[in-house]
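Step one of this worksheet: look at the structure below.
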Amino acid sequence: MQRGIVVCPSYTLDGHTVRLTCDVPPQDLRRYLLYWDRLAYAYPNGFGAPNLDALHDLRFLKDEGLLTLRDVRVTAADIELPSPVAIPNLAGHPGPLFETAIPTADNPSGVRALGIPIEVWRDLNYWAPIRAAVDLQASEGTVWSVGQSGTRFVLPQRRGPMVGLLEASICAALPVPDETTSLEDILEFRTKRTPELLRLRRALDTLRDSALQADDLQRGIARSRDEISLALSDIHRALNESGLGTFFSTLRLYLDLSDNKVMTTILGMLGAQGIGLPLEIGAAAALGLNTVLTFAARTASPPPPLAQHLSDYRYLYEVAKHWPSIIKRARLELF
Numbered sequence: 005m006q007r008g009i010v011v012c013p014s015y016t017l018d019g020h021t022v023r024l025t026c027d028v029p030p031q032d033l034r035r036y037l038l039y040w041d042r043l044a045y046a047y048p049n050g051f052g053a054p055n056l057d058a059l060h061d062l063r064f065l066k067d068e069g070l071l072t073l074r075d076v077r078v079t080a081a082d083i084e085l086p087s088p089v090a091i092p093n094l095a096g097h098p099g100p101l102f103e104t105a106i107p108t109a110d111n112p113s114g115v116r117a118l119g120i121p122i123e124v125w126r127d128l129n130y131w132a133p134i135r136a137a138v139d140l141q142a143s144e145g146t147v148w149s150v151g152q153s154g155t156r157f158v159l160p161q162r163r164g165p166m167v168g169l170l171e172a173s174i175c176a177a178l179p180v181p182d183e184t185t186s187l188e189d190i191l192e193f194r195t196k197r198t199p200e201l202l203r204l205r206r207a208l209d210t211l212r213d214s215a216l217q218a219d220d221l222q223r224g225i226a227r228s229r230d231e232i233s234l235a236l237s238d239i240h241r242a243l244n245e246s247g248l249g250t251f252f253s254t255l256r257l258y259l260d261l262s263d264n265k266v267m268t269t270i271l272g273m274l275g276a277q278g279i280g281l282p283l284e285i286g287a288a289a290a291l292g293l294n295t296v297l298t299f300a301a302r303t304a305s306p307p308p309p310l311a312q313h314l315s316d317y318r319y320l321y322e323v324a325k326h327w328p329s330i331i332k333r334a335r336l337e338l339f
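The sequence shown begins at 5 in my numbering and counts up one residue at a time.
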């Protein structure tokens with residue numbers, strides 16, 4: 005079965021200024037294209053569509069049938085606002101760009117951007133890819149995930165119950181093509197090296213299954229560690245043989261473990277020191293990076309549509325870009 009990922013415009017709020025970058029960063033786009041089969045770009049209520057005439061990489065993927073654009077209607081009920089707020093369709097919005105209104109519980113500043121409370125914009129942009137993933141999951145034979153890039157992991161402010169998450173972190177070992185690599189070269193690599201890429205996908209699924217089954221955890225986790233190690237080594241070797249430029253990333257996988265006994269058992273068995281991955285990756289050693297598999301416990305309140313439709317695929321990957329003396333972080337959430 006194919007895997008797809010839904011991405012959205014990047015959002016920042018600086019004082020009373022809302023910024024939406026209607027593009028996908030080159031390094032993120034190449035990571036998505038290598039490890040997922042298809043992409044969807046979702047934007048809320050008619051606002052944030054990419055200009056494909058100027059964004060040649062996105063135009064190329066759309067022409068190849070690998071990218072779809074989704075204009076998603078997000079309502080106040082989706083965001084769970086404490087008081088009613090009208091969220092208009094933003095395409096061709098006739099009103100002022102910014103205006104000041106009476107402060108409310110969900111808009112303490114009283115500032116509105118394009119008629120929407122400025123504090124609502126983050127959740128508006130967050131919900132668009134979630135809705136798109138749910139719709140795509142229901143209509144196509146592809147497992148769809150939700151992607152997020154930025155300097156920190158963003159969840160909407162919800163009042164729902166918290167669930168336990170087990171964080172499995174594979175440090176400094178995920179090879180990713182650098183931003184100078186052409187999309188055509190990545191597609192050619194995907195075609196020639198499908199077995200290596202599928203092996204990593206199966207290894208991560210095995211890690212998830214080993215944690216959830218909770219029987220003979222130590223043997224299951226050890227087997228998953230070995231499979232992940234071999235899969236990563238295969239991909240790195242294949243990228244080297246193809247001559248594609250790469251960097252190393254840290255990958256974090258969040259597993260939904262509501263059974264606290266299971267989580268406690270895993271953490272007690274493995275400890276915070278982690279397990280070494282016997283990776284034969286010379287470049288990682290040259291950078292002085294330790295490749296290990298570590299575990300930690302987290303909590304989160306997942307949005308209802310995810311719990312209902314996508315609960316089997318509640319993952320989070322954090323990607324840290326490693327160069328000598330430089331570390332840049334980008335977080336990617338997968339459900």
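Here a beta-carbon is modelled for each residue, glycine too, at the ideal position from N, C-alpha and C.
A distance of 9 Å or more separates the beta carbons of Asp27 and Tyr47. Following the DSSP letters along the chain, one finds Arg197 in no beta strand (DSSP E), marked with neither H nor E. Contact annotation, Gly249 with Thr195: C-beta distance approximately 19 Å; criterion of less than 8 Å not satisfied. Within 10 angstroms of the beta-carbon of Gln141 lie 16 or more other beta-carbons, which makes it buried. The Cβ atoms of Ala177 and Glu200 do not sit closer than 9 Å to each other.
In summary, Gly52 is buried, with 16 or more beta-carbon neighbours lying within 10 Å of its beta-carbon over all protein chains present. At the C-beta level, Ala44 and Gly8 come within 9 Å of one another. If you compare the alpha carbons of Ile239, Cys12, Leu33 and Met5 with that of Glu188, the shortest gap goes to Leu33.
One alpha carbon belongs to Ser237, the other to Asp209, and they sit about 17 Å apart.
In the DSSP assignment, Ile9 falls within the beta strand (DSSP E) that extends over Gln6 to Val11. Per DSSP, the continuous beta strand (DSSP E) segment holding Ser149 begins and ends at Thr146 to Val150. Boundaries for Pro29: no alpha helix (DSSP H) harbours it, and the DSSP string shows neither H nor E there. Restricting attention to His60, Asp220, Leu204 and Leu211, the CA atom closest to the CA of Trp40 is found in Leu204. Short of 7 Å from the beta carbon of Ser246, and not among the five residues preceding or following it, lie these beta carbons of its own chain, in chain order: Phe193.
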